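Peer 1: Sharing a structure here in structure tokens format.
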Amino acid sequence: MSAIEYVKSDAFAHLKVSPDIWFYMSHQVDQHAHEAHTHNYLELAFILGGSARHITVQGESLCCPGQLVVVPEGAWHAYANCQRLELVNLLFSPRLLGHELAWLEEDAVMRRLLGIELNRHVKELFKIDLLKSDMERLRASLAALESAYRAGANKPSMVAKILNVLEAVRPSFVHNAPAPMASNGMHPTVMRGMDLLGAADRGRMDIVESSRVLKFESELFSSLIPSGPSLLSLKNFHQVFLVPASGLLFALDAIFTGGFA
């Protein structure tokens, strides 16, 4: 398997990073339109040049130089009408976030930026405008990280350079980050389901047990799951059912409340 592959379905493509990849970085100088896709890694996308329309469940917005897009695992987005779009993408594996960077959960800014808040099963995709005063330091930090990445630097060196990039973003994040998504902004049924799953054992459970946790009729619940093994991984369940379901509900809420201008 290559480092990254695209698995296409009827609705979305899925950007799948090989599980043995600890950290992935790419620098696109002229990114073309990119179809709607989800990720299995957290992505930080730095817009360094050009422009594009950025499409998410919240609607469309303009991407322009000096912006950072935070795309959590499981979220979908797309780029359209790209005009010489220059992107630097950083993809963080769960292993990197859970080990080398796990201590950042004690830092409120980094905890939200990297989506490592505890008991948050649906994380938000958001964009921030970077302060002009931060851009010189950020560009230098990204260049140093890219150089180390291409040279195959060891993990301690890579972690140090990743932290330099994150610290370069900190003032902009503190100044311009949107308010956190409120729990009541989520569809109540989805929120309740997430809370129940979060309180349940994070191991493996069968469909009957999953039905009990979510208070669904097991026959109805079974009909929503493709035929296959009787054991259902909670992680896989989150990927194939709850994340798309919550995304659909957010989209419907936006339509009904006029969120898509």
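So that you can map any letter, position 57 of the sequence shown is 63 in this note's numbering, and since no number is skipped, the others follow by simple counting.
Positions of the beta carbon are idealized from the N, C-alpha and C atoms, including for glycine.
Predicted model, so just to flag it, every value in this text is computed and none were measured.
What do you get for S147, buried or exposed, if any count of 16 or more other CB atoms within 10 angstroms of its CB means buried?
Peer 2: Taking the first residue of the sequence shown as position 1, residue 147 is located at position 141. With 16 or more other Cβ atoms within 10 Å, it is buried.
Peer 1: Along the alpha helix (DSSP H) that carries E142, what are the first and last residues, could you check?
Peer 2: In the sequence shown, counting from the first residue as 1, residue 142 sits at position 136. Its alpha helix (DSSP H) spans residues K138 to R156.
Peer 1: Tell me, which residues are paired with D135 by DSSP?
Peer 2: As a position in the sequence shown, residue 135 is number 129, starting the count at 1. Its beta-bridge partners are Q73.
Peer 1: Alpha carbons only, please: which of Q37, E49 and D36 is nearest the one belonging to Y30?
Peer 2: If you number the sequence shown from 1, residue 30 lands on position 24. When only C-alpha atoms are compared, the closest one is E49.
Peer 1: Rounded to the nearest angstrom, what separates L96 and Y155 at their Cα positions?
Peer 2: Position 90 of the sequence shown, counted from the first residue, corresponds to residue 96. Position 149 of the sequence shown, counted from the first residue, corresponds to residue 155. Roughly 11 Å separates the two Cα atoms.
Peer 1: With DSSP as the reference, please indicate the residues paired to Q37 in a beta bridge.
Peer 2: The sequence position of residue 37 within the sequence shown is 31, counting from 1. Answer by DSSP bridge pairing, in chain order: L91.
Peer 1: Taking L103 as part of the alpha helix (DSSP H), name the residues at either end of that continuous run.
Peer 2: What you label residue 103 is simply residue 97 of the sequence shown in a count that begins at 1. Here the alpha helix (DSSP H) through L103 covers P100 to G104.
Peer 1: Per the DSSP calculation, W82 is bridged to which residue(s)?
Peer 2: Against the sequence shown, residue 82 aligns to sequence position 76. Answer is T44.
Peer 1: According to DSSP, is P25 helix, strand or coil?
Peer 2: Here residue 25 refers to the residue found at position 19 of the sequence shown. Coil.
Peer 1: Among the residues of its own chain, which have a CB less than 8 Å from the CB of P177, if the five just before and after it don't count?
Peer 2: By one-based count along the sequence shown, residue 177 stands at place 171. Contacts found: L137, S139 and D140.
Peer 1: Is the beta carbon of E66 sitting closer than 9 Å to the one on P100?
Peer 2: Position 60 of the sequence shown, counting from 1, holds the residue named residue 66. Position 94 of the sequence shown, counting from 1, holds the residue named residue 100. In this structure, P100 does not lie closer than 9 Å to E66 by Cβ.
Peer 1: By the 10 Å Cβ neighbour count, where 16 or more other Cβ atoms means buried, how is Q89 classified, buried or exposed?
Peer 2: Within the sequence shown, residue 89 is the residue found at index 83, counting from 1. Result: exposed.
Peer 1: Less than 9 Å separating the beta-carbons of V175 and L131?
Peer 2: Start at 1 with the first residue of the sequence shown, and residue 175 comes out as number 169. Start at 1 with the first residue of the sequence shown, and residue 131 comes out as number 125. No, Cβ-Cβ distance for V175 and L131 is not below 9 Å.
Peer 1: What residues are listed by DSSP as bridge partners for E174?
Peer 2: Here residue 174 corresponds to residue number 168 of the sequence shown, with the count starting at 1. The amino acid occupying residue 174 in the given sequence is Ala; Glu does not appear at that position. In DSSP, A174 forms no bridge with anything.
Peer 1: For K161, does the count of other Cβ atoms within 10 angstroms reach 16, so buried, or fall short, so exposed?
Peer 2: To locate residue 161, count along the sequence shown from 1; it is residue 155. Result: exposed.
Peer 1: Tell me whether L120 sits in a helix, a strand or coil according to DSSP, three-state version.
Peer 2: Counted from its first residue, the sequence shown places residue 120 at position 114. Here L120 sits in coil by DSSP.
Peer 1: For W3, count neighbouring C-beta atoms within 10 Å of its own C-beta (all shown protein chains included) and say buried if the count is 16 or more, exposed if not.
Peer 2: This structure cannot settle anything about residue 3, because the visible part of the chain is limited to 7 through 267.
Peer 1: Would you tell me roughly how many angstroms separate the C-alpha atoms of Q37 and V180, rounded to the nearest one?
Peer 2: Start at 1 with the first residue of the sequence shown, and residue 37 comes out as number 31. Start at 1 with the first residue of the sequence shown, and residue 180 comes out as number 174. The alpha-carbon atoms of Q37 and V180 are separated by roughly 29 Å.
Peer 1: Alpha carbon to alpha carbon, how far is V165 from M116?
Peer 2: Along the sequence shown, read from residue 1 onward, the residue named residue 165 stands at position 159. Along the sequence shown, read from residue 1 onward, the residue named residue 116 stands at position 110. C-alpha separation (whole angstroms): 14 Å.
Peer 1: Select from V76, F52 and E142 the residue whose C-alpha is nearest the C-alpha of H92.
Peer 2: Position 86 of the sequence shown, counted from the start, is the residue given in the question as residue 92. It should be noted that the sequence gives Glu, not His, for residue 92. Closest option to E92, Cα to Cα, is F52.
Peer 1: Roughly how many angstroms lie between the CA atoms of L151 and L102, to the nearest whole one?
Peer 2: The count along the sequence shown starts at 1 and reaches residue 151 at position 145. The count along the sequence shown starts at 1 and reaches residue 102 at position 96. Straight-line Cα distance between these residues: approximately 16 Å.
Peer 1: Which value, in whole angstroms, describes the spacing of the CA atoms of D300 and P71?
Peer 2: Nothing about residue 300 can be read from this structure; the chain reaches only from 7 to 267.
Peer 1: So L68 packs on I134, CB below 8 Å; how close in whole Å?
Peer 2: On the sequence shown, residue 68 is found 62 positions in, with the first residue counted as 1. On the sequence shown, residue 134 is found 128 positions in, with the first residue counted as 1. L68 to I134, Cβ: 14 Å. No contact.
Peer 1: For a quick check, are the C-beta atoms of I168 and L107 less than 9 Å apart?
Peer 2: To locate residue 168, count along the sequence shown from 1; it is residue 162. To locate residue 107, count along the sequence shown from 1; it is residue 101. The answer is yes: Cβ separation under 9 Å.
Peer 1: For L107, which three-state DSSP category applies?
Peer 2: Residue numbering aside, residue 107 sits at position 101 when the sequence shown is read from its first letter. Note: L107 maps to coil in three-state DSSP.
Peer 1: Can you have a look at G158 and say buried or exposed, based on whether 16 or more other CB atoms are within 10 angstroms of its CB?
Peer 2: On the sequence shown, position 152 is the one that residue 158 refers to. When all chains shown are included, G158 counts as exposed.
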